[in-house]
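Residue 210 in the numbering used here sits at position 210 of the sequence shown; the count goes up by one each step and never skips.
C-beta: ideal position from N, C-alpha, C; glycine also.
Since the structure is predicted, the reported quantities are computational estimates derived from the model, not experimental observations.
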Amino acid sequence: MAEIVRMPKMSDTMEEGVIAVWHKKVGDKVESGELMAEIETDKATMDYESYNDGTVLYLGAEAGEAVAVNGILAIVGEKGEDYKALLNGSADAKEDKTEETPAKVEAKAKVDTSSVKAEIVRMPKMSDTMEEGVIAAWHKKVGDKVESGELMAEIETDKATMEYESYNDGTVLYLGAKSGEAVAVNGILAIVGEAGADYKLLIEAENQSGSEATAEEAPKAEAGPAPVAASTSIATTSDNGRIKASPLAKKLAEDRGINIAEVKGSGDNGRIVKRDVENFVPAQAAPVAAKSAEAKAAPVVELPKVVGEESYEELRVSQMRKTIAKRLAESKFTAPHFYLTMEINMDKAIEARNSMNEVSPVKISFNDMVIKAAAAALRKHPQVNSSWLGDKIRINHHIHIGVAVAVEDGLLVPVVRFADNKPLSHIAAEVKQLGAKAKNKELQPAEWEGNTFTISNLGMFGIEEFTAIINPPDACIMAVGGIKQTAIVKDGQLAIGNIMKVTMSCDHRVVDGAVGSAFLQTFKSLLEDPIRLLI
């Protein structure tokens with residue numbers, strides 16, 4: 001019996017998969033566990049193995065085409081079996097839905113694109129947070145020939161500028177945007193086909209499907225009431241002559257010796273409220289009783305005129321900055337943040353670093369020691385190494401430390417994977433490599449995804465203490481300040497100590513104060529006795 005093979009969801013953010021390569025064609029035999037296709041997701045190109053035995057009766061897409069998650073990838077059954085009923089079943093389901101709304105106005109006839117020998121090239125989703133891509137550079141123009149695998153454009157995402165290779169052979173008939181313009185994910189990037197093909201029908205069909213989807217959702221705009229100019233008259237009074245003012249405003253005015261009738265109200269209908277009295281400045285201050293009636297007024301000093309010109313500059317918001325704004329705003333106003341600050345004596349850490357750098361092949365920084373100490377502390381306190389998933393909490397058993405790196409357009413967070421298993425010299429070398437890649441926009445998706453805990457260090461900029469916004473999907477982020485010499489009490493005596501402050505932002509849905517505090521105590525003990533990091 002024939003069965004539909006559907007596009008699987010191969011990652012948590014996958015919405016569709018592109019057929020990179022078919023390893024089976026219609027008529028081929030296929031067995032369970034046999035490689036059937038290579039599918040390009042938003043994160044990687046992955047092998048798809050068949051779960052069915054039989055003959056390939058139908059392929060739902062050609063190589064280079066996209067199939068939505070749960071869409072028809074193929075149909076496998078017995079040789080010669082009629083599979084069309086399975087395809088018609090999907091069509092019948094769609095027809096049933098349209099029959100449920102007979103009152104709707106008859107839609108325009110759909111544009112027939114079956115004769116158009118061209119295909120739409122859509123903007124791919126190149127990262128898990130990407131919503132649109134900006135055309136950094138076109139390597140093809142309208143009229144150019146293009147082959148599968150040939151560089152077509154450079155696309156700026158929120159994370160990096162990446163090369164886009166064509167999956168189609170043919171002539172470039174249309175470009176959906178100019179260099180510097182943005183195209184939404186799944187929007188029209190280009191149209192490729194036979195020279196002279198009527199590509200405008202494809203655009204017309206695309207616009208029609210979009211307008212039909214939104215026509216019934218958009219309510220008629222209703223004219224709102226015209227704005228009424230607020231009254232700015234001083235001391236608004238009621239019909240009986242009583243001044244409209246709150247009791248608190250009247251009491252405050254009386255205490256300060258202010259004539260309430262001179263105060264301009266900013267409350268409802270000009271009512272005077274507390275802030276009006278607090279901000280009140282007399283129009284002309286009454287002179288204090290003069291010591292002498294003959295006292296002469298102070299001479300008026302004429303100041304030279306200072307002339308300037310107002311100016312400003314507006315910058316285009318990069319994809320990276322848009323994503324930073326969106327994701328961190330969501331984090332700040334969704335995750336209930338609370339903050340834990342701790343001071344750490346870095347005297348022994350300084351000594352240990354100096355000793356290690358005498359023999360280490362790579363220079364070890366204090367931030368490398370912070371990463372190693374955090375990873376070791378996370379191993380002991382796994383609840384801090386977790387994520388909020390709505391109906392459940394995920395406690396990660398692997399430790400991937402995200403390290404915030406400032407770049408020209410904003411901020412990237414490359415990931416040191418399995419940081420708890422790596423020696424300090426390895427962490428130091430890896431952080432340097434990732435930092436250089438981030439600044440040069442050369443990071444690959446595997447190098448910026450998967451963090452379970454994040455560290456942001458501004459100590460090198462002279463910052464002593466700050467708070468950071470949690471980096472989703474993490475439950476915590478640690479903000480690290482600089483090391484400062486300060487007076488401390490040691491064995492009952494005043495002494496000079498090298499103190500570093502850290503502040504951990506915690507998602508209260510996942511981590512409570514006691515859990516976060518216990519983690520910081522372990523973290524502190526490791527840095528104050530750094531030989532334990534080597535165990």
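Exercise for the section: Helix, strand or coil for Thr45, going by three-state DSSP, please let me know. Expected result: strand
Problem - Proximity winner among Leu378, Val416 and Gly54, relative to Ser517 (alpha-carbon distances) - result: Minimum Cα distance to Ser517 is reached at Leu378.
Problem - CB contact below 8 Å: Pro445 versus chain D - result: In the structure shown, chain D does not exist; there is a single protein chain.
Handout entry: Secondary structure of Ser292, DSSP reduced to three states
Key = Any reading at Ser292 needs caution, since the residue's pLDDT is 49, under 50, leaving its predicted position unreliable; the model's value is listed next. Coil, per DSSP.
Problem - With 16 other Cβ atoms within 10 Å as the buried cut-off, status of Ala190 - result: buried
Problem - contact_flag[the stretch 366 to 378, the stretch 344 to 355] where n(CB pairs < 8 Å) is 3 or more - result: yes
Practice task
Look at the alpha carbon of Ser166 and the alpha carbon of Ala195, and state the distance between them as a whole number of angstroms.
Solution key: 17 Å
Handout entry: Rounded Cβ spacing between Val76 and Gln208 (contact assumed at less than 8 Å)
Key = The Cβ separation is near 35 Å, so there is no contact.
Exercise for the section: Identify every run of the beta strand (DSSP E) within the stretch 4 to 71, keeping only runs that are complete inside it and at least 3 residues long; order them along the chain. Expected result: 16 to 22, 35 to 40, 45 to 49, 54 to 59 and 66 to 68
Problem - Pairwise C-alpha distance: Ser32 and Arg417 - result: 34 Å
Practice task
Can you grab the Cα-Cα spacing for the pair Gly462 / Val403, in whole Å?
Solution key: 18 Å
Practice task
Can you say whether Pro304 is buried or exposed, counting buried as having 16 or more other CB atoms within 10 angstroms of its CB?
Solution key: exposed
Practice task
For the stretch 472 to 490 and the stretch 301 to 316, state whether three or more C-beta atom pairs, one from each stretch, are separated by less than 8 Å.
Solution key: no
Exercise for the section: Pick helix, strand or coil for Gln444, following the three-state DSSP scheme. Expected result: coil
Handout entry: Buried versus exposed, by CB contacts within 10 Å (16 or more), Ser292
Key = Annotation note: pLDDT 49 at Ser292 (below 50); position unreliable, coordinate value reported separately. Label assigned to Ser292: exposed.
Exercise for the section: Please determine, among Leu201, Gly187 and Asn186, the residue with the shortest C-alpha to C-alpha distance to Gly193. Expected result: Leu201
Exercise for the section: Give the secondary structure of Ala249 by DSSP, where H, G and I count as helix, E and B as strand, and everything else as coil. Expected result: Residue state, collapsed to three classes: helix.
Exercise for the section: Return yes when the Cβ of Val185 is within less than 8 Å of the Cβ of Ala177, no when it is not. Expected result: no
Practice task
Could you name the residues that DSSP lists as bridge partners for Leu173?
Solution key: Partner(s): none; Leu173 has no beta bridge.
Practice task
Could you spell out where the alpha helix (DSSP H) holding Leu378 opens and where it closes?
Solution key: Phe366 to Lys380
Practice task
Using the Cα positions of His533 and Lys484, report the straight-line distance between them to the nearest angstrom.
Solution key: In the sequence as presented, His is not what sits at residue 533; that position holds Leu. If you take the alpha carbons of Leu533 and Lys484, they lie about 22 Å apart.
Practice task
State buried or exposed for Lys159, treating a residue as buried only when at least 16 other CB atoms are found within 10 Å of its CB.
Solution key: buried
Problem - Between the CA atoms of Thr129 and Val415 - distance to the nearest angstrom - result: Near 16 Å, if we compare the C-alpha coordinates of Thr129 and Val415.
Exercise for the section: Measure the alpha-carbon distance for Leu526 versus Ala373 and round it to whole angstroms. Expected result: 6 Å
Exercise for the section: Tell whether a beta-carbon distance below 8 Å holds between Val431 and Ile455. Expected result: No, the Cβ-Cβ distance between Val431 and Ile455 is not below 8 Å.
Problem - Separation of Lys251 from Asp507, as counted between CA atoms - result: 44 Å
Problem - Close Cβ partners of Thr113 (< 6 Å) along its chain, the five nearest in sequence each way excluded - result: Here the set comprises Leu201, Leu202 and Ala205.
Handout entry: Exposed unless 16 or more other CB atoms sit within 10 angstroms - verdict on Val26
Key = Around the C-beta of Val26, fewer than 16 other C-beta atoms lie within 10 Å, and the residue is accordingly described as exposed.
Problem - Of the listed residues Pro124, Asp82 and Met36, nearest to Ala68 (C-alpha basis) - result: Pro124
Exercise for the section: Inspect the beta-carbon positions of Val277 and Ala249 and report whether they are closer than 8 Å. Expected result: yes
Handout entry: Alpha-carbon to alpha-carbon, Leu458 and Lys363
Key = 19 Å
Handout entry: Backbone CA spacing between His324 and His400 [nearest angstrom]
Key = A small fix is needed here, since residue 324 is Ile in this sequence, not His. If you take the alpha carbons of Ile324 and His400, they lie about 20 Å apart.
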